[in-house]
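Protein chains: 2
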Amino acid sequence: MLDPNKNTIPRWVSLLYRYSQMYIGDRLKHFDIGRGQHIFLNSLYKEDGLTQEELSSYLKIDKGTTAKAIKKLEQQGYVTRKLRDDDKRSYHVFLTAKALEIREDVRAVLVEWRNILSQGFTEEEKQQAQLLLERMGTNAAHYIDTQKDQAGVCDESPHGR
Amino acid sequence: MLDPNKNTIPRWVSLLYRYSQMYIGDRLKHFDIGRGQHIFLNSLYKEDGLTQEELSSYLKIDKGTTAKAIKKLEQQGYVTRKLRDDDKRSYHVFLTAKALEIREDVRAVLVEWRNILSQGFTEEEKQQAQLLLERMGTNAAHYIDTQKDQAGVCDESPHGR
DNA sequence: ACTAACTAGTAGCAAATGCAACTATCTGAC
DNA sequence: GTCAGATAGTTGCATTTGCTACTAGTTAGT
Chain A
2 MLDPNKNTIP RWVSLLYRYS QMYIGDRLKH FDIGRGQHIF LNSLYKEDGL TQEELSSYLK
62 IDKGTTAKAI KKLEQQGYVT RKLRDDDKRS YHVFLTAKAL EIREDVRAVL VEWRNILSQG
122 FTEEEKQQAQ LLLERMGTNA AHYIDTQKDQ AGVCDESPHG R
Chain B
2 MLDPNKNTIP RWVSLLYRYS QMYIGDRLKH FDIGRGQHIF LNSLYKEDGL TQEELSSYLK
62 IDKGTTAKAI KKLEQQGYVT RKLRDDDKRS YHVFLTAKAL EIREDVRAVL VEWRNILSQG
122 FTEEEKQQAQ LLLERMGTNA AHYIDTQKDQ AGVCDESPHG R
């Protein structure tokens, strides 16, 4: 019999990801903000005026995906784009008044979700969880980025690191 | 109370999820196993002969998604389905010899990924990470399932779109 | 100044995913 | 038994996502 509680890290990660998308998507759908957009909106709430390239690299999301998400947010009136003066290839993405209006509501959803996830955690455990996730994320990002740089270079040693 | 610096758990989760999909998908693509299938294959390696419904509920993945993934695995010759005798609505999903042949390779990919994620972790930290993820996953599952049970009971506002 | 290499963003495709509507089977209340 | 409601699975649709190829603007080497 499969024991749902005993499993690998990748399975928990994928479960947490899908549930997060469900929860956040559900809580934001009355703003017409879909599952693909909230992550960008939240990044802009942290720092307005980022370029698409900066959003992509911060979130580690493909630039094509970013372009489509930003395009949709723009069509919905949540952001505007302004061509940079000093580099006509790139755009600054700015939040509109409409986006700023719902800022606290949107951020609150994330805080609520975080609280649901860490229910029953001590403050110390919350910090520990955040830290460990961060370290795993950094490890993953570092590995993937390294691989990408070496794409085409043969065989990797099974020793890793 | 909104704390702007404490809502990053969802961001790390989504990063870890996407990178996991990339890594595993990349390492399994020469078996023609796409990003959507490996999770089902691994569940069946744990326990063969599950029904689609059991797979869906174990992985918390939509039954439509499960149907499509299993269909693809069947077309590729990795699984066969057998109608249950005692319930003609459901199918047992069985691994084929072809799937069993690559079992260790496929499982090894998961182990490798876990090792990448926990690089630089002490044994204690690894266990801690696993445990905290598990607790967060359980919290999430519990919350979402509870919500689902209550859907339609009280609200059901016919307001969509 | 020229041009090759690089970079930001876009477009098109295919796969994956969730949801809702549907079919077929099963269960339980009567 | 019969029929309403639940359950397993399928299908169609819309959204999201990553990849690759492409355009246009920028940088650096000569």
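Read top to bottom, the protein sequences are chains A and B. Residue numbering for the first sequence follows this note's numbering, starting at 2 and increasing by one per position. Residue numbering for the second sequence follows this note's numbering, starting at 2 and increasing by one per position. The C-beta atom is built at its ideal place from N, Cα and C for all residues, glycine as well.
Coarse secondary structure for residue i, derived from DSSP in three states
| i | result |
| --- | --- |
| Y79 (chain A) | coil |
| T123 (chain B) | coil |
| L118 (chain A) | helix |
| L111 (chain B) | helix |
| T139 (chain A) | helix |
| T9 (chain A) | coil |
| L132 (chain A) | helix |
| L51 (chain B) | coil |
| H160 (chain A) | Confidence is the limiting factor: at H160 (chain A) the pLDDT is only 38, short of 50, which leaves the residue's position unreliable, though a coordinate-based value still follows. Note: H160 (chain A) maps to coil in three-state DSSP. |
Separation of residue j from residue i, as counted between CA atoms
| i | j | result |
| --- | --- | --- |
| R19 (chain A) | D146 (chain B) | 13 Å |
| H31 (chain B) | I40 (chain B) | 16 Å |
| G78 (chain A) | Y46 (chain A) | 15 Å |
| G121 (chain A) | T139 (chain B) | 11 Å |
| E113 (chain B) | A142 (chain B) | 27 Å |
| K69 (chain A) | L111 (chain A) | 22 Å |
| S15 (chain B) | S15 (chain A) | 8 Å |
| P11 (chain A) | I71 (chain B) | 20 Å |
| L134 (chain A) | E102 (chain A) | 31 Å |
| Q131 (chain A) | R85 (chain B) | 45 Å |
| D88 (chain B) | M137 (chain A) | 44 Å |
| K61 (chain A) | L17 (chain B) | 10 Å |
| E55 (chain B) | R90 (chain A) | 50 Å |
| K64 (chain A) | T9 (chain A) | 30 Å |
| S57 (chain A) | D27 (chain A) | 24 Å |
| Y144 (chain B) | Y144 (chain A) | 33 Å |
Where residue i meets chain A, residues with beta-carbon distance less than 9 Å
| i | result |
| --- | --- |
| E54 (chain B) | Residues of chain A passing the Cβ test: none, with the nearest at roughly 13 Å. |
| T123 (chain B) | What T123 (chain B) touches in chain A: nothing, since even the nearest Cβ is about 11 Å away. |
Interface residues of chain A facing residue i [CB-CB closer than 8 Å]
| i | result |
| --- | --- |
| K61 (chain B) | L16, R19 and Y20 |
| E102 (chain B) | Ordered by position in chain A, no residue passes the 8 Å Cβ test against E102 (chain B), which lies about 21 Å from the chain. |
| A141 (chain B) | L16, L17, Y20, S21, Y24, I117 and L118 |
| A98 (chain B) | Correct list: empty, because the minimum Cβ distance to chain A is about 23 Å. |
| L111 (chain B) | T9 and P11 |
Integer-rounded CB distance, given that residue j should sit under 8 Å from residue i
| i | j | result |
| --- | --- | --- |
| L74 (chain B) | Q38 (chain B) | 6 Å |
| T67 (chain B) | Q53 (chain B) | 5 Å |
| Q129 (chain A) | Q128 (chain B) | Not really, about 12 Å apart at Cβ, beyond 8 Å. |
| T97 (chain B) | T81 (chain B) | 6 Å |
Chain B contact residues for residue i, given Cβ-Cβ distances below 7 Å
| i | result |
| --- | --- |
| E135 (chain A) | W13 |
| Y92 (chain A) | Within 7 Å Cβ-Cβ: nothing; Y92 (chain A) doesn't reach chain B, min ~22 Å. |
| Q129 (chain A) | Q129 and L133 |
| E126 (chain A) | L133 |
Check: residue i C-beta below 7 Å from any heavy atom of the ligand SAM
| i | result |
| --- | --- |
| W13 (chain B) | As far as ligands go, the structure on display features none, and thus does not contain the ligand SAM. |
Where residue i meets chain A, residues with beta-carbon distance less than 7 Å
| i | result |
| --- | --- |
| G138 (chain B) | W13, L16 and L17 |
| Y144 (chain B) | I117 |
Chain-order list of residues whose beta-carbon lies under 8 Å from that of residue i (same chain, five-residue window excluded)
| i | result |
| --- | --- |
| W13 (chain A) | none |
| Y59 (chain B) | S44 and L51 |
| I25 (chain A) | R36, H39, V110, L111 and W114 |
| I117 (chain A) | Y24 |
| R108 (chain A) | N43 and Y46 |
| E105 (chain A) | none |
| E126 (chain A) | S119 |
7 Å Cβ shell around residue i - same chain, five flanking residues per side excluded
| i | result |
| --- | --- |
| K83 (chain A) | Y92, H93 and F95 |
| I34 (chain B) | L42 |
| D49 (chain B) | F95 and L96 |
| L29 (chain A) | H39, V107 and V110 |
Own chain residues within Cβ distance below 6 Å of residue i, not counting five before or after
| i | result |
| --- | --- |
| L100 (chain B) | First, the residue type needs correcting, since residue 100 (chain B) is Ala and not Leu in the sequence shown. Y79, listed in sequence order. |
| D4 (chain A) | Bear in mind that a pLDDT of 48 at D4 (chain A), under 50, signals an unreliable position, so the number given afterwards is only what the model happens to contain. Cβ neighbours of D4 (chain A) beyond the five flanking positions: none. |
Beta-carbon neighbours of residue i, restricted to chain B and to distances below 9 Å
| i | result |
| --- | --- |
| E48 (chain A) | Going along chain B, no residue has its Cβ under 9 Å from E48 (chain A), so there is no contact; the nearest lies around 11 Å. |
| I40 (chain A) | P11, R12 and S15 |
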